[in-house]
Each structure stands twice: as structure tokens, then as C-alpha cells.
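A.B. asks:
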Amino acid sequence: MKRTTLEFPGEPMVLRTQDGGITISMPIRVRRYSGRRQVLVPQGISAVLKATCAPTALQLALARGHRWLRQIESGQARNIAEVAKREKVDRSYVSRMINLTALAPDIQAAILNDTLPEAVGLFDLAMNTPLCWAAQRRRIAEVVAGAGGGSRRACRTGRWKWSSRPRPGRWRSRSPSTV
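Using UniProt numbering, you'd call the opening residue of the sequence shown number 1 and step up by one each time.
1. What residues match up with residue 16 in a beta bridge as DSSP calls it?
2. Ignore the nearest five residues each way along the sequence and tell me which others in residue 12's own chain have a CB closer than 8 Å to its CB.
3. Is the distance from the Cβ of residue 65 to the Cβ of residue 97 below 8 Å?
4. Where in the region 46-134 do unbroken runs of the alpha helix (DSSP H), each at least 4 residues long, occur, reported from the N-terminal end onward?
5. Please classify residue 17: is it buried, with 16 or more other beta-carbons within 10 angstroms of its beta-carbon, or exposed?
6. If I measure Cβ to Cβ from residue 133 and keep anything under 7 Å in the same chain, skipping five residues before and after, which residues do I get?
7. Which same chain residues end up closer than 6 Å to residue 10 when comparing Cβ atoms and leaving out the 5 residues on each side of it in sequence?
8. Taking the straight line between their C-alpha atoms, what separation do you get for residue 59 and residue 110?
9. For residue 68, tell me which candidate among 92, 14, 15 has the shortest Cα-Cα distance.
10. Rounded to a whole number of angstroms, what is the C-alpha to C-alpha distance between residue 144 and residue 90?
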């Protein structure tokens, strides 16, 4: 889940203009995390934050998956290929979104309530999703635990796996004369 975070590292300044207006100046730092915006205020300052109305990417993906699965089950579409053609997207994308409908009910509720850990992204939930709900929960725990140092990479079968070690030959040190 990507997120945009605004942090307020300094104190706000309130200035009065000559025409009687007020200008509030506050230093901010913007960080992106999965396309969502979050405002963090300094500690000690209470803030009433309104819930954002815009759904997250995961929420949209889950809704698409349920909508497309419902179309196939009701007969509006014969198969994934027909849904993909109608929506003008790739078949694999439709398949990945439909995979989200097989997630455990508590995981789907966490997506809808936006309480899923930040480290868990759409890729982690939609690709090679285990059907066993306990295995899904273990996978989320592994993703959260590996968020600090692991990286995803493709193995020979084309599937993605987590690896905490760099690939050999990926980075080569260069001497100053060859740069």
C-alpha cells in the first residue's frame, strides 16, 4: 500500500498582514507511501483529522475483483478474457484482482477498514495467493516482518520470492579510472 505522508517538523508561524489578514506558515515534509495521503502533526499538538473519502488502491482493487467475479458468476461475462476485453485491461490483471476475492474475511475487512499494515501491498496479496486463510495470514506476517530488509526478485520460474541477500553481480564496484 503506497502512502503520501506530510510531516510537520517545525512549529507553525502566524503572521498578520497589513490588510488585517492572517498567514499561517508551517514547514512540512512530504513522503510517498502507496498513493495515499496522511498528515502527521507534531507530538503534543492535538489534531482532529477527517477520514479521507478517497478509497485506497487496495480497496479499489478488491472492489474490482468482486465486481468482475460477480459478472462471471451471473453470466454477464463468460470468462476472464471477456471481462478483460470489456474493461480494456490485461487478462492477468483481471485474474489478480479476482484472486483478492479469495482472501480471508478478516483480511478483506482490514483492507476495507484501512487497517492492514503499510508494508503489505497489492502485489503481496494478489500474486500467488494461497487459498488457505491461515497461510494468507502467515504470508502477511512474513511480509510485515521482512519489510525492513528483504527485496522481491524473480526466480527462474518467473514467480516472485523474497530475498534478503543481493543478487550476485548486481552491483559492481568501479574504480575511479573507469567511471
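Quick reminder that beta carbons are idealized off the backbone N, C-alpha and C, glycines included.
No experiment lies behind these values; they were computed from the predicted model shown.
C.D. replies: A quick look at the data gives this:
1. Within the sequence shown, numbered from 1, the residue matching residue 16 stands at position 16. Beta-bridge pairing links residue 16 to 22.
2. Here residue 12 corresponds to residue number 12 of the sequence shown, with the count starting at 1. Answer for residue 12: 24, 25, 26, listed in chain order.
3. Along the sequence shown, one-based indexing puts residue 65 at 65. Along the sequence shown, one-based indexing puts residue 97 at 97. Cβ distance < 8 Å, so residue 65 and residue 97 count as in contact.
4. 57-74, 80-87, 91-99, 105-113, 122-126
5. For the purposes of this step, residue 17 is taken as the residue at position 17 of the sequence shown. Flag for residue 17 reads exposed.
6. Along the sequence shown, read from residue 1 onward, the residue named residue 133 stands at position 133. So the list reads 104, once near-sequence residues are dropped.
7. Here residue 10 refers to the residue found at position 10 of the sequence shown. Cβ within range, chain order: 27.
8. Counting from 1 along the sequence shown, the entry for residue 59 is found at position 59. Counting from 1 along the sequence shown, the entry for residue 110 is found at position 110. Whole-angstrom Cα-Cα distance: 10 Å.
9. Start at 1 with the first residue of the sequence shown, and residue 68 comes out as number 68. Ranking 92, 14, 15 by Cα distance to residue 68 puts 92 first.
10. In the sequence shown, residue 144 corresponds to position 144, counting from 1. In the sequence shown, residue 90 corresponds to position 90, counting from 1. In a straight line, the C-alpha of residue 144 is about 29 Å away from that of residue 90.
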